[in-house]
Amino acid sequence: MSTTTSTPQAPALKIAALAGDGIGPEIMREAIKVLRAVEKRFALTLEITEAPIGWAAIDKEGMALPDRTLALCKESGAVLFGAVGLYYRDPEVVKEKRPERALLRLRKQLGLFANLRPVRLYPELADASPLRPERQGDGIDLLMVRESMGGLYYAYPKKTEPVMEAKEAGAPAQEVLRAVDTMALTSSEIERIAHVAFRAAWLRRKKVTSVDKANILETSILWRKVVTEISHQYPQVILENMLVDTAAMQLVLRPTQFDVVLSDITFGEILSDEAAALVGSLGMLPSATLGYPREGQTCGLFGPAGGSAPDIAGKNVANPIAEIIAAALMLRYSFGFDDVAKAIETAVGTVLSAGFRTADIFTPGATKLRKVSTSEMGDAIAEAMS
Ligand code: IPM
Ligand code: MG
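Using my numbering, the first residue of the sequence shown is number 7, and each one after it goes up by one.
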């Protein structure tokens with residue numbers, strides 16, 4: 007009888023894959039393709055289980071975040087996410103049941119309070135940036151740290167109600183609708199996200215720009231006070247407080263001044279898409295939303311910062327790079343495989359250097375570039391991994 011010796015296998019990494027709506031399934035397919043190449047090259051075992059979310063889940067199971075999808079996410083080491091939402095189907099369900107709310111619920115249920123969006127201009131994409139070369143300096147490389155479990159998105163009351171209103175003094179009161187959102191943050195919510203930003207900055211260029219609207223908003227006054235207090239625990243890191251309107255302007259004027267940009271959920275929502283445009287396309291910007299480590303693993307939700315892009319869905323033209331880099335961030339942050347993450351990031355760089363471009367980052371007329379589809383981009387990156 008022959009015996010075979012086998013090297014002990016590392017335990018499988020459990021990943022929940024939620025492709026969702028619009029371009030979600032297309033970009034997810036490419037990210038999984040790259041992950042399969044990772045398995046071969048690094049002898050890792052990835053146990054990837056797909057589950058429905060968003061309209062895909064409403065159609066199959068009657069709700070945007072089915073219980074079994076949530077349960078799968080809870081028992082996985084990380085969640086790889088595509089996109090949710092199809093604006094033209096919104097009238098089909100009450101707003102509380104829409105896919106975007108399901109995503110917020112998922113973030114909350116998993117305790118994911120820290121949203122990280124690394125914004126990097128690949129030198130090869132200098133032409134795809136709307137900024138003139140002199141404004142790009144030596145390259146844009148910043149990290150958006152966005153609070154993601156509190157603030158305007160989550161706080162109550164949140165409602166629309168009829169109220170009586172007189173158009174002018176003395177005029178008869180008429181019934182009008184009044185919509186209310188609440189912006190609320192506790193000092194502990196601000197503290198924990200501030201720590202994430204300062205620790206990240208400590209490992210980078212040691213500067214945090216904290217964005218707020220402290221000349222008007224109560225939440226921002228508390229935000230600035232707490233962030234400034236926490237900054238004293240990180241004497242090596244410089245803190246700069248900046249009003250959000252100034253930050254929006256400075257991002258386009260001199261993006262190279264930023265290292266870590268810390269903000270609440272609302273300001274981060276706006277500034278992160280602006281920053282993505284500066285580096286060529288929203289299709290390039292990954293997003294990692296993390297919670298506190300659980301049994302040594304940081305459960306996290308990883309996907310593109312952009313949405314479902316229904317206008318280009320199903321056409322095999324979307325850029326899968328944000329999703330592929332999100333998969334790299336998952337391997338780094340949730341599973342601790344920094345070298346594997348770097349290999350994926352390097353493969354993306356190699357493919358960009360070779361001239362492969364999806365439509366969003368293609369420069370018409372450029373002779374050395376090759377316009378490719380979603381799946382061709384995924385193939386090329388997977389190939390560069392092997
Ligand atoms: C994002 C998205 C989400 C958000 C939506 C889909 C709820 O825009 O991740 O940036 O606003 O957080
Ligand atoms: Mg957004």
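All residues carry an ideal CB built from backbone N, CA and C; glycine is no exception.
Predicted, not measured: the structure shown is a model, and the values here were computed from it.
Requested in this report: Identify, in the order they occur along the chain, each residue of the same chain with its Cβ nearer than 6 Å to the Cβ of residue 331, setting aside the five sequence neighbours on each side.
Outcome: The residue given as residue 331 occupies position 325 in the sequence shown. Result list for residue 331: 292, in chain order.
Query - Sequence-distant residues of the same chain with beta carbon closer than 7 Å to residue 328, five excluded per side - result: Counted from its first residue, the sequence shown places residue 328 at position 322. Closer than 7 Å at Cβ, skipping near neighbours: 289, 290, 291, 292, 310, 311, 312.
**Report entry** Best match in 36, 286, 19 for proximity to residue 380 [C-alpha to C-alpha]
**Finding:** Within the sequence shown, residue 380 is the residue found at index 374, counting from 1. Closest by alpha carbon: 36.
Query raised in the report: Unbroken alpha helix (DSSP H) runs of length 4 or more, entirely within the stretch 94-139: which are they?
Result: 105-115
Query raised in the report: Tell me which same chain residues have a C-beta within less than 7 Å of the C-beta of residue 113, skipping the five on either side of it?
Result: Within the sequence shown, numbered from 1, the residue matching residue 113 stands at position 107. Hits under 7 Å: 154, 155, 295, 307.
Query raised in the report: Does the stretch 18-32 touch the stretch 74-91, meaning 3 or more C-beta pairs lie closer than 8 Å?
Result: yes
Query - Element boundaries [alpha helix (DSSP H), containing residue 193] - result: The count along the sequence shown starts at 1 and reaches residue 193 at position 187. Per DSSP, residue 193 belongs to the alpha helix (DSSP H) from 193-208.
Query - Check: residue 90 C-beta below 8 Å from any heavy atom of the ligand IPM - result: Counting from 1 along the sequence shown, the entry for residue 90 is found at position 84. Correct: residue 90 has its Cβ closer than 8 Å to the ligand IPM.
Query raised in the report: How long is the line joining the alpha carbons of residue 346 and residue 145, rounded to whole angstroms?
Result: Translated into the one-based positions of the sequence shown, residue 346 becomes position 340. Translated into the one-based positions of the sequence shown, residue 145 becomes position 139. Going by the C-alpha atoms only, they are around 24 Å apart.
Query raised in the report: Counting along the chain, where does the alpha helix (DSSP H) carrying residue 48 start and finish?
Result: On the sequence shown, position 42 is the one that residue 48 refers to. Run containing residue 48: 30-48, per the alpha helix (DSSP H) assignment.
Requested in this report: Use the C-beta contact count for residue 195: other C-beta atoms within 10 angstroms, 16 or more gives buried, fewer gives exposed.
Outcome: Counted from its first residue, the sequence shown places residue 195 at position 189. So residue 195 counts as buried.
**Report entry** Identity of the residue in 49, 268, 191, 371 nearest residue 228 by Cα
**Finding:** Start at 1 with the first residue of the sequence shown, and residue 228 comes out as number 222. If we check each option's Cα against that of residue 228, 191 comes out closest.
Requested in this report: Work out the CA separation of residue 45 and residue 159 for me, nearest whole Å.
Outcome: Translated into the one-based positions of the sequence shown, residue 159 becomes position 153. Translated into the one-based positions of the sequence shown, residue 45 becomes position 39. Approximately 38 Å between the Cα atoms of the pair.
Query raised in the report: When you compare only the Cα positions, how much space is there between residue 13 and residue 49?
Result: Within the sequence shown, the letter at position 7 stands for residue 13. Within the sequence shown, the letter at position 43 stands for residue 49. Low per-residue confidence applies at residue 13: pLDDT is 47, beneath 50, and the placement is therefore not dependable enough to give any value.
Requested in this report: Specify the secondary structure class of residue 237 as computed by DSSP and reduced to three states.
Outcome: Position 231 of the sequence shown, counting from 1, holds the residue named residue 237. Residue 237 falls in the helix class under three-state DSSP.
**Report entry** Rounded separation between residue 47 and residue 384 - CA only
**Finding:** Position 41 of the sequence shown, counting from 1, holds the residue named residue 47. Position 378 of the sequence shown, counting from 1, holds the residue named residue 384. Roughly 16 Å between the two C-alpha positions.
Report task. Report whether the distance from the Cβ of residue 120 to the nearest heavy atom of the ligand IPM is below 8 Å. Result -> Counted from its first residue, the sequence shown places residue 120 at position 114. False, no ligand heavy atom lies under 8 Å from that Cβ.
Requested in this report: State the DSSP-derived secondary structure class of residue 341, mapped to helix, strand or coil.
Outcome: Position 335 of the sequence shown, counted from the start, is the residue given in the question as residue 341. Three-state result, residue 341: coil.
Query raised in the report: Closer than 7 Å from C-beta to any heavy atom of the ligand MG: which residues, in chain order?
Result: 275, 278, 279, 311, 313
**Report entry** Whole-number beta carbon distance between residue 249 and residue 218, since they are thought to touch under 8 Å
**Finding:** Residue numbering aside, residue 218 sits at position 212 when the sequence shown is read from its first letter. Residue numbering aside, residue 249 sits at position 243 when the sequence shown is read from its first letter. The Cβ separation is near 7 Å, so the contact holds.
Query - residue 87 to residue 175 span [Cα, whole Å] - result: Taking the sequence shown and counting its residues from 1, the one referred to as residue 87 is at position 81. Taking the sequence shown and counting its residues from 1, the one referred to as residue 175 is at position 169. Distance between the alpha carbons of residue 87 and residue 175: 52 Å.
Query raised in the report: Near residue 366, what residues of its chain come up, given a Cβ to Cβ distance below 7 Å and the 5 sequence neighbours on each side ignored?
Result: Within the sequence shown, the letter at position 360 stands for residue 366. Taken in chain order, the residues that qualify are 287, 289, 325.
Report task. Pick out the complete beta strand (DSSP E) segments inside the stretch 251-286, 3 residues or longer, and give them in chain order. Result -> 266-269
Query raised in the report: Going by the CB atoms, is the gap between residue 235 and residue 257 shorter than 9 Å?
Result: Here residue 257 corresponds to residue number 251 of the sequence shown, with the count starting at 1. Here residue 235 corresponds to residue number 229 of the sequence shown, with the count starting at 1. Their beta carbons are not under 9 Å apart, which means residue 257 does not touch residue 235 by this criterion.
Query raised in the report: Touching or not, the stretch 119-134 and the stretch 355-369, by the rule of three or more beta carbon pairs under 8 Å?
Result: yes
Query raised in the report: How is residue 11 classed by DSSP in three states: helix, strand or coil?
Result: To locate residue 11, count along the sequence shown from 1; it is residue 5. Note on residue 11: pLDDT 43, under 50, position unreliable in the model; the coordinate value appears next. Residue 11: coil per DSSP, three-state reduction.
Report task. In angstroms with no decimal places, state the Cα-to-Cα distance between residue 388 and residue 339. Result -> For this step, residue 388 is matched to residue 382 along the sequence shown. For this step, residue 339 is matched to residue 333 along the sequence shown. When rounded, the distance between both Cα atoms is 21 Å.
**Report entry** Boundaries (first-last residue) of the alpha helix (DSSP H) holding residue 218
**Finding:** For the purposes of this step, residue 218 is taken as residue 212 along the sequence shown, with counting starting at 1. Here residue 218 belongs to no alpha helix (DSSP H); instead the beta strand (DSSP E) covers 213-218.
Query raised in the report: Whose CA, out of 334, 300, 301, 262, lies closest to the CA of residue 138?
Result: To locate residue 138, count along the sequence shown from 1; it is residue 132. Of 334, 300, 301, 262, the residue nearest in Cα terms is 262.
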